[in-house]
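Number of protein chains: 2
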Amino acid sequence: MQLLKDRILKDGKNLGGGILKVDGFINHQVDPALMFEAGKEFARRFQHVGATKILTAEISGIAPAVMTGYHMGLPVVYARKHKPITMPDQVFLTLAPSHTKGRMVELIVSPEFLAGGERVLIIDDFLASGATILGLVRLAETAGAVLVGIGTLIEKVFEGGRKKLEHLNIPIESLAAIERMEGEVISFQ
Amino acid sequence: MQLLKDRILKDGKNLGGGILKVDGFINHQVDPALMFEAGKEFARRFQHVGATKILTAEISGIAPAVMTGYHMGLPVVYARKHKPITMPDQVFLTLAPSHTKGRMVELIVSPEFLAGGERVLIIDDFLASGATILGLVRLAETAGAVLVGIGTLIEKVFEGGRKKLEHLNIPIESLAAIERMEGEVISFQ
Numbered sequence: 001m002q003l004l005k006d007r008i009l010k011d012g013k014n015l016g017g018g019i020l021k022v023d024g025f026i027n028h029q030v031d032p033a034l035m036f037e038a039g040k041e042f043a044r045r046f047q048h049v050g051a052t053k054i055l056t057a058e059i060s061g062i063a064p065a066v067m068t069g070y071h072m073g074l075p076v077v078y079a080r081k082h083k084p085i086t087m088p089d090q091v092f093l094t095l096a097p098s099h100t101k102g103r104m105v106e107l108i109v110s111p112e113f114l115a116g117g118e119r120v121l122i123i124d125d126f127l128a129s130g131a132t133i134l135g136l137v138r139l140a141e142t143a144g145a146v147l148v149g150i151g152t153l154i155e156k157v158f159e160g161g162r163k164k165l166e167h168l169n170i171p172i173e174s175l176a177a178i179e180r181m182e183g184e185v186i187s188f189q
Numbered sequence: 001m002q003l004l005k006d007r008i009l010k011d012g013k014n015l016g017g018g019i020l021k022v023d024g025f026i027n028h029q030v031d032p033a034l035m036f037e038a039g040k041e042f043a044r045r046f047q048h049v050g051a052t053k054i055l056t057a058e059i060s061g062i063a064p065a066v067m068t069g070y071h072m073g074l075p076v077v078y079a080r081k082h083k084p085i086t087m088p089d090q091v092f093l094t095l096a097p098s099h100t101k102g103r104m105v106e107l108i109v110s111p112e113f114l115a116g117g118e119r120v121l122i123i124d125d126f127l128a129s130g131a132t133i134l135g136l137v138r139l140a141e142t143a144g145a146v147l148v149g150i151g152t153l154i155e156k157v158f159e160g161g162r163k164k165l166e167h168l169n170i171p172i173e174s175l176a177a178i179e180r181m182e183g184e185v186i187s188f189q
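The listed protein sequences correspond, in order, to chains A and B.
For the first sequence, my numbering gives the first residue as 1, with consecutive numbering after it.
For the second sequence, my numbering gives the first residue as 1, with consecutive numbering after it.
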């Protein structure tokens with residue numbers, strides 16, 4: 001998606017160590033118009049997978065997932081990292097390593113909103129090592145749901161997450177796939 | 001906003017102790033079409049305040065804030081509760097008591113995205129005791145920004161948060177103001 005690639009080149013920053021700073025338009029400050037267009041593009045790419053629900057993880061997956069849900073006419077569930085008091089005692093829970101926190105975080109979904117038979121499309125901001133998305137995959141599988149696709153705004157190809165998801169045999173779409181980040185230079189696939 | 005009130009009556013649950021469960025359409029599972037309409041309504045109500053930025057708090061403020069930002073053509077900043085590694089060392093930080101966590105949480109905004117002179121519209125899911133919103137107000141004031149309005153999806157009138165915000169002398173809009181919750185009955189103002 002050219003709009004997103006252009007924005008990454010304009011406002012993204014390579015902080016070194018594989019860390020891409022995009023908090024000016026994705027994960028601290030959000031550009032709603034860009035997210036709207038990204039959601040429209042995901043809806044186009046996944047229009048034929050027969051999804052019945054979108055699954056993402058708080059926090060930075062919420063904006064692109066909600067915009068995708070808007071364009072596809074689907075509800076969005078975001079896995080919580082802390083169990084709120086409004087959630088029942090029986091939940092689906094898995095652990096996933098957090099890239100930016102340097103420790104394991106919980107991913108929790110209420111069985112009220114992820115049921116067997118649902119056809120789940122996962123939307124998130126990043127596909128890097130694939131760890132968070134594999135956590136979402138485990139949640140969906142535990143619920144007895146069927147995975148039908150995975151979409152991320154930005155893929156860091158060099159972190160190899162896509163390989164870990166290939167066994168699922170479902171479409172994996174990223175709107176901007178970064179092959180290399182060297183100094184000031186960000187190269188797309 | 002009748003659409004939201006109807007949805008609260010249909011899918012909201014009074015869990016007792018002033019806790020309203022709306023995690024089927026706002027803060028775990030999200031209804032994107034409802035959020036889109038809520039964003040449009042906030043845009044209508046705040047069209048004349050001259051906002052230049054929308055400020056919210058992660059997590060459940062993100063969906064309504066991003067949809068409001070979409071309709072108003074404004075960027076959205078969400079205050080983070082944990083400082084990510086992509087954020088500079090100098091930040092705006094305040095503490096606010098969390099209703100659902102029973103402890104203080106940090107609200108952190110990077111000075112990169114909240115500058116003096118900005119005209120800030122706060123959008124969040126709930127106005128209850130007003131504690132989280134007062135935290136956002138402190139962040140905006142510390143940044144030297146001007147507050148121009150506060151909008152929330154649901155106001156729990158009986159928790160009195162509005163009183164604590166009146167000294168700001170800015171428009172405060174809630175799309176569904178709940179006067180009483182008794183047993184199964186939820187009454188709007």
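We treat Cβ as the ideally placed atom computed from N, Cα and C, and that holds for glycine.
DSSP places E155/B inside the beta strand (DSSP E), whose first and last residues are 146-156. Membership of A38/B in the alpha helix (DSSP H) is indicated by the continuous run 32-45. Collapsing the DSSP output to three states places A143/A in coil. For T86/A, the neighbours in chain B by C-beta distance under 9 angstroms run, in chain order, K13, L15, I19, L20, K21, V22, D23, N27, H28, T100.
Taken in chain order, the complete beta strand (DSSP E) segments of 3 or more residues contained in the stretch 58-98 of chain B are 76-79, 92-98.
Bounds of the alpha helix (DSSP H) holding L165/B are 161-165. Taking a cut-off of 8 angstroms on C-beta distances, the stretch 44-52 of chain A does not touch the stretch 38-54 of chain B, as fewer than three cross pairs fall below it. The beta carbon of A128/B sits closer than 7 angstroms to the beta carbons of H99, K156, E159, G161 from its chain, once the five residues preceding and following it are set aside; these are given in chain order. Of the residues assessed, A63/A falls on the buried side of the cut-off, its CB having 16 or more other CB atoms within 10 angstroms. Looking at the DSSP output, V185/B shares a beta bridge with E182/B. For I59/A, the neighbours in chain B by C-beta distance under 8 angstroms run, in chain order, E58, I59, I62, Y78, R80. Restricting attention to Y78/B, R180/B, L165/B, V66/B, the CA atom closest to the CA of V109/B is found in Y78/B. Under DSSP, E106/B shares a beta bridge with L95/B.
Contact of A177/A with chain B is not assigned, every C-beta pair being separated by 8 angstroms or more. A38/B and A177/A have their C-alpha atoms spaced approximately 33 angstroms apart.
Counting other Cβ atoms within 10 Å of its Cβ, N27/B reaches 16 or more and is therefore classed as buried. The Cβ atoms of I59/B and I59/A lie closer than 8 angstroms to each other. Only residues of its own chain outside the window of five on either side were considered, and among them none has a CB closer than 6 angstroms to the CB of G16/A. Under DSSP, S129/B takes part in no beta bridge, so it has no partner.
Residues of chain B with a Cβ closer than 9 angstroms to the Cβ of D31/A are, in chain order, G69, P75, V76. For the C-beta of S187/A, not a single chain B residue is nearer than 7 angstroms; the gap to the nearest is close to 20 angstroms. Contact fails between the stretch 122-136 of chain B and the stretch 182-189 of chain A, because fewer than three Cβ pairs, one in each stretch, are under 8 angstroms apart. Assignment of D124/B by DSSP, reduced to helix, strand and coil, places it in the strand class.
Rounded to the nearest whole angstrom, the CA to CA distance from R103/A to P97/A is 6 angstroms. I170/A and L95/B have their C-alpha atoms spaced approximately 43 angstroms apart. For F113/B, the neighbours in chain A by C-beta distance under 9 angstroms run, in chain order, D23, G24, H28, Q29. Between K13/A and K21/A, the gap from beta carbon to beta carbon is short of 8 angstroms. Residue environment analysis places A115/A among the exposed positions, since fewer than 16 neighbouring C-beta atoms fall within 10 angstroms of its C-beta. Secondary structure at E118/B: coil, using DSSP grouped into helix, strand and coil. Taking 8 angstroms as the CB threshold, S110/A lines the interface with chain B.
Within the stretch 31-49 of chain B, contact with chain A at the beta-carbon level (separation under 7 angstroms) is assigned to D31, P32, A33, M35, F36. For V66/B, at least one C-beta of chain A is nearer than 8 angstroms to its own C-beta. Annotated as distal: L107/A and L74/A, with beta-carbon spacing of 8 angstroms or more. Residue state for I54/B is assigned as strand, using DSSP reduced to three classes.
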